[in-house]
Amino acid sequence: HTCTDQTFGLIRQSAWPVRCPCNVPVTLNHAQHFLTPDTSALITRRVKEWSIPGEQRLWCVNSPCNTLLIRTPGVKQNIPCTDCSFQTCSICRQLGHEGNCQIEETTQQTLATSDAQKYKRCLKCDQMIELNTGCQHITCDECSYEFCYLCGQ
Numbered sequence: 054h055t056c057t058d059q060t061f062g063l064i065r066q067s068a069w070p071v072r073c074p075c076n077v078p079v080t081l082n083h084a085q086h087f088l089t090p091d092t093s094a095l096i097t098r099r100v101k102e103w104s105i106p107g108e109q110r111l112w113c114v115n116s117p118c119n120t121l122l123i124r125t126p127g128v129k130q131n132i133p134c135t136d137c138s139f140q141t142c143s144i145c146r147q148l149g150h151e152g153n154c155q156i157e158e159t160t161q162q163t164l165a166t167s168d169a170q171k172y173k174r175c176l177k178c179d180q181m182i183e184l185n186t187g188c189q190h191i192t193c194d195e196c197s198y199e200f201c202y203l204c205g206q
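Going by the numbering used here, the sequence shown opens with residue 54, and the numbers climb by one from there.
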């Protein structure tokens, strides 16, 4: 079980999908035969989380709850948690609030400044991206979308 223990230790570190150290992909059905019920439940939850595109993932702001919520990128809404009823702002990812989101207002101000050429929004998830140095090929930290900073392709 050492191979199995090492492999599924990666899941606790948020790595998925996992491969056995001998480089064979491990399916959830195969893995469940070797796991404790708690670890199996954790993996099942993580598989569900990882099946949702990164730009749509949002976790409940209530830290003891931390339930996965689904958001629509670029759409300001307070999303109610199905487990604890807390509302989470889909833009700033803080406690839900009425009116405009301060983070969004700051983003708009940044885009309007003379430094606007240094900033762009990810074309997939709307995350702000700053080009500091290097090539024009960008990978978004939020959703892993790749594009050219200059032309958007």
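The beta-carbon is built from N, C-alpha and C at its ideal position, and this holds for glycine as well.
The structure presented is a predicted model; accordingly, all values stated were derived computationally and were not measured.
Fully enclosed beta strand (DSSP E) runs of no fewer than 3 residues occupy 121-123, 131-133, 140-142 of the stretch 118-149, in order along the chain. Annotated as proximal: PRO126 and CYS178, with beta-carbon spacing under 7 Å.
When the five nearest sequence neighbours on each side are left out, the beta carbons in the same chain lying within less than 7 Å of the beta carbon of GLN130 are those of SER143, in order along the chain.
Each residue's CA atom was taken as its position, placing PHE200 and LYS171 some 15 Å apart.
In the structure shown, HIS190 adopts extended strand secondary structure according to DSSP, grouped into three states.
Distances from the CA of LEU111 to each of LEU184, GLN206, THR160, ARG146 were compared; the closest alpha carbon is that of ARG146. Secondary structure note for LYS173: its beta strand (DSSP E) is the uninterrupted segment 172-174. Beta-bridge partners of LEU111 (DSSP): LEU122. In the three-state reduction of the DSSP assignment, GLU199 falls in the strand class, which pools E and B.
According to DSSP, GLU183 shares a beta bridge with TYR172.
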